[in-house]
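*Asks:* Have a look at the structure that comes next, please.
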Amino acid sequence: MPTRGFYKHTDGYYYFTASVPEYDRIEVRRASTIGGLAEASPVTVWTKHETGPLSANIWAPEIHSIGGKWYIYFAAARTTETNEGLFDHRMYVLENESANPLEGEWVEKGQIRTRWESFALDATTFEHRGVRYLVWAQKDPQIPGNSNLYISEMENPWTLRGSRSC
19 MPTRGFYKHT DGYYYFTASV PEYDRIEVRR ASTIGGLAEA SPVTVWTKHE TGPLSANIWA
79 PEIHSIGGKW YIYFAAARTT ETNEGLFDHR MYVLENESAN PLEGEWVEKG QIRTRWESFA
139 LDATTFEHRG VRYLVWAQKD PQIPGNSNLY ISEMENPWTL RGSRSC
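Just add 18 to wherever you are in the sequence shown, counting from 1, and you've got the numbering used here.
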């Protein structure tokens with residue numbers, strides 16, 4: 019199972035999310051110790067759509083607490099009859115206002131729009147000197163067969179602001 023690591027929140031719990039073998043949903047686990055995450059029951063917080071851009075290959079979810087809300091960054095592709103969507107991932111964000119991310123409603127905030135409409139995944143976010151940033155991998159359509167890392171300031175947890183740097 020590809021992992022994305024764990025997160026220790028100020029509530030004293032560790033949270034963990036990862037791609038599941040079926041690549042069809044996002045699960046979150048919570049425990050009072052890192053070791054307890056292995057035995058913690060996963061809670062499905064979101065399931066793929068039947069069709070459209072969020073319907074296949076749900077990949078690399080990562081959970082963050084930002085401004086009193088929970089966010090999950092993940093990549094998803096679209097279902098196609100020939101499975102052409104295998105490398106057609108885009109980045110998306112879910113938001114939950116509950117103090118406990120295993121409760122409450124996860125709301126789709128939409129796709130993170132970048133300069134290009136191309137293969138993009140593995141988003142992570144951090145704050146530095148009061149500015150929130152997103153780092154992600156994306157294919158530059160002008161360079162065959164590549165993927166680069168990019169960074170950009172964020173307007174909010176689901177919207178980039180200004181230019182991005184490679």
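C-beta: ideal position from N, C-alpha, C; glycine also.
If you're wondering where the values come from, they're calculated on a predicted model, not measured in any experiment.
#1: For LEU72, which of ARG182, VAL61 and THR98 has the nearest alpha-carbon?
#2: Return helix, strand or coil for PHE137, following the three-state DSSP convention.
#3: Could you tell me how far apart the beta carbons of PHE137 and PHE105 are, in whole angstroms, since I believe they sit closer than 8 Å?
#4: Please state the DSSP three-state secondary structure of ALA117.
#5: Do ARG96 and GLY70 have their C-beta atoms within less than 8 Å of each other?
#6: What does PHE144 pair with, by DSSP beta-bridge criteria?
#7: Since I believe ALA49 is in contact with ASN32 (beta carbons under 8 Å), could you give me their beta-carbon distance rounded to a whole number of angstroms?
*Replies:* So, from the data block:
#1: Locating residue 72 in the sequence shown gives position 54, where the first residue counts as 1. Measuring from the Cα of LEU72, the nearest candidate turns out to be THR98.
#2: Within the sequence shown, the letter at position 119 stands for residue 137. Here PHE137 sits in coil by DSSP.
#3: For this step, residue 137 is matched to residue 119 along the sequence shown. For this step, residue 105 is matched to residue 87 along the sequence shown. Right, the Cβ-Cβ distance comes to about 5 Å (below 8 Å), so this counts as a contact.
#4: Within the sequence shown, residue 117 is the residue found at index 99, counting from 1. The answer is coil: DSSP assigns ALA117 none of H, G, I, E or B.
#5: Translated into positions along the sequence shown, residue 96 becomes position 78. Translated into positions along the sequence shown, residue 70 becomes position 52. Cβ distance < 8 Å, so ARG96 and GLY70 count as in contact.
#6: As a first step, residue 144 must be located in the sequence shown, where it is residue number 126. Note: PHE144 sits in a beta bridge opposite TYR151.
#7: Against the sequence shown, residue 32 aligns to sequence position 14. Against the sequence shown, residue 49 aligns to sequence position 31. Contrary to the premise, residue 32 reads as Tyr rather than Asn in this sequence. That belief holds up - the Cβ atoms of TYR32 and ALA49 are roughly 5 Å apart, short of 8 Å.
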